[in-house]
Amino acid sequence: MRNLTGRLDLCSINTATLGHREPLGRTIDRIARAGFGGIAPWRHEVEKAGVKEIAKQIKALDLTVTGYCRSTYLPASTHAQFVANIEANKAALRDAAMLGAKCFVMVVGGLPEGSRDLSGARAQVRDGIAALLETARDCGVPLALEPLHPMYAADRAVLNTLAQAVDICEALDPGGSGFLGVAVDVYHCWWDPALQASIAAAGGADRILAYHVCDWLRETRDLLLDRGMMGDGVVDLSAMREGVEGAGYDGLVEVEIFSKENWWRRDPDEVLRVCAERLQTVC
1 MRNLTGRLDL CSINTATLGH REPLGRTIDR IARAGFGGIA PWRHEVEKAG VKEIAKQIKA
61 LDLTVTGYCR STYLPASTHA QFVANIEANK AALRDAAMLG AKCFVMVVGG LPEGSRDLSG
121 ARAQVRDGIA ALLETARDCG VPLALEPLHP MYAADRAVLN TLAQAVDICE ALDPGGSGFL
181 GVAVDVYHCW WDPALQASIA AAGGADRILA YHVCDWLRET RDLLLDRGMM GDGVVDLSAM
241 REGVEGAGYD GLVEVEIFSK ENWWRRDPDE VLRVCAERLQ TVC
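Position 168 of the sequence shown, counting from 1, maps to 168 under the UniProt record's numbering, and the rest follow consecutively.
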């Protein structure tokens with residue numbers, strides 16, 4: 001396992017960690033000034049600021065774009081909407097290419113409004129990913145399937161375990177082209193009894209494209225917006241990174257924290273200082 005002490009160049013900040021409170025250009029400057037080697041911006045802020053300008057700024061600061069967040073949800077109640085979702089993701093992939101993103105993060109979506117057809121939603125996810133693969137190859141940006149904690153199955157992602165994600169990769173991209181893999185997010189995967197085996201399987205096929213860190217608070221107050229700073233919760237972060245890197249992942253370690261009532265209320269530079277300290281001591 002790599003030693004992160006004095007190596008913030010091996011670390012990235014997902015812009016959600018700072019709460020999207022400032023213009024993206026200012027956030028990028030803060031992250032670069034704090035010494036981090038990478039950034040993971042969100043579509044809504046990139047599109048607002050202008051992808052060409054943001055790409056130029058990121059390149060000038062020599063930051064690695066560890067991931068572009070995130071996909072339009074795939075499942076839909078009508079075929080026309082499903083097709084529209086695919087097209088929206090193709091457009092986002094083209095922007096990801098302009099940013100030089102290492103991957104396009106796929107949060108696949110939950111059940112369509114009014115639906116109880118979980119199997120149907122999962123089938124749409126598989127079909128949608130298959131439809132995006134050619135564009136991903138053309139753009140040179142891999143699709144990183146991010147399984148979300150099962151509590152989000154209804155509204156955010158019917159892809160809920162790393163094993164599910166690896167199965168889709170193997171089914172749609174047997175042998176591995178380099179353009180379909182997984183994002184391992186501590187918050188969503190830490191609880192999984194099959195996690196280590198799934199990490200090994202993903203790594204063995206060279207499919208780990210991103211690694212996201214935060215912590216799970218024992219008494220979490222909000223299932224979406226109360227993630228913990230690394231070291232404040234119950235996850236054995238060192239052991240988890242050891243597994244991910246032991247499986248072959250050599251990319252940046254990306255901090256992604258949604259914390260409406262705590263970290264999003266603090267000074268952004270303070271948040272970055274604490275992220276830096278925790279990355280080097282508990283991750």
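Positions of the beta carbon are idealized from the N, C-alpha and C atoms, including for glycine.
Item: Of the residues 212, 74, 189, the one placed nearest residue 124, counting alpha carbons only; Value: 74
Item: Check whether residue 279 and residue 230 have beta carbons under 8 angstroms apart; Value: yes
Item: Cross-strand partners of residue 250 (DSSP beta bridge); Value: DSSP lists no partner for residue 250.
Item: Which of helix, strand or coil DSSP assigns to residue 169; Value: helix
Item: Limits of the unbroken alpha helix (DSSP H) element including residue 187; Value: 186–189
Item: Cutoff 7 angstroms; reference residue 45; Cβ partners in own chain excluding five residues on either side; Value: 15, 20, 24
Item: Assigned exposure category for residue 269 - 16 Cβ within 10 Å defines buried; Value: exposed
Item: Cβ pair count under 8 angstroms reaching 3, the stretch 149–162 against the stretch 109–123; Value: yes
Item: Cα-Cα separation, residue 13 to residue 194; Value: 28 angstroms
Item: The beta strand (DSSP E) enclosing residue 213, as first and last residue numbers; Value: 208–213
Item: Residue 104 - partner residues in DSSP beta bridges; Value: 68, 143
Item: Residue 290 versus residue 71 - alpha carbon distance; Value: Past the edges of the chain, shown from 1 to 283, lies residue 290, and the structure says nothing about it.
Item: Where residue 178 sits in the DSSP three-state scheme; Value: coil
Item: Outcome for residue 6 when other beta-carbon atoms lying within 10 angstroms are tallied against a minimum of 16; Value: exposed
Item: 7 angstroms CB neighbourhood of residue 89 in its chain, flanking five on each side removed; Value: 71, 72, 132
Item: Whole-angstrom distance between residue 96 and residue 199, CA atom to CA atom; Value: 25 angstroms
Item: Nearest-angstrom beta carbon gap, residue 207 and residue 176 [assumed within contact, 8 angstroms]; Value: 6 angstroms
Item: C-beta atoms of residue 258 and residue 224 nearer than 8 angstroms; Value: yes
Item: Residue 226 - DSSP class collapsed to helix/strand/coil; Value: strand
Item: First and last residue of the uninterrupted alpha helix (DSSP H) at residue 204; Value: 195–204
Item: In DSSP terms, what residue 39 is bridged to; Value: 13, 65
Item: Cβ-based neighbour list, residue 216, same chain, cut-off 7 angstroms, excluding 5 preceding and 5 following; Value: 187, 190, 228, 233, 234, 235
Item: Per DSSP, cross-strand counterpart(s) of residue 183; Value: 210
Item: Beta-carbon separation (whole angstroms), residue 68 vs residue 91, contact threshold 8 angstroms; Value: Their Cβ separation, rounded to whole angstroms, is 12 angstroms, which puts residue 68 and residue 91 out of contact at 8 angstroms.
Item: Nearest candidate by alpha-carbon position, reference residue 148, set 192, 115, 120; Value: 192
Item: Sequence-distant residues of its chain with Cβ nearer than 7 angstroms to residue 18 (five each side left out); Value: 27, 268, 271
Item: Pairwise C-alpha distance: residue 52 and residue 42; Value: 14 angstroms
Item: Buried or exposed by the 16-neighbour rule on C-beta atoms within 10 Å, applied to residue 142; Value: buried
Item: Residue 76, DSSP secondary structure in three states; Value: coil
Item: Inter-residue Cα distance where the pair is residue 35 and residue 115; Value: 46 angstroms
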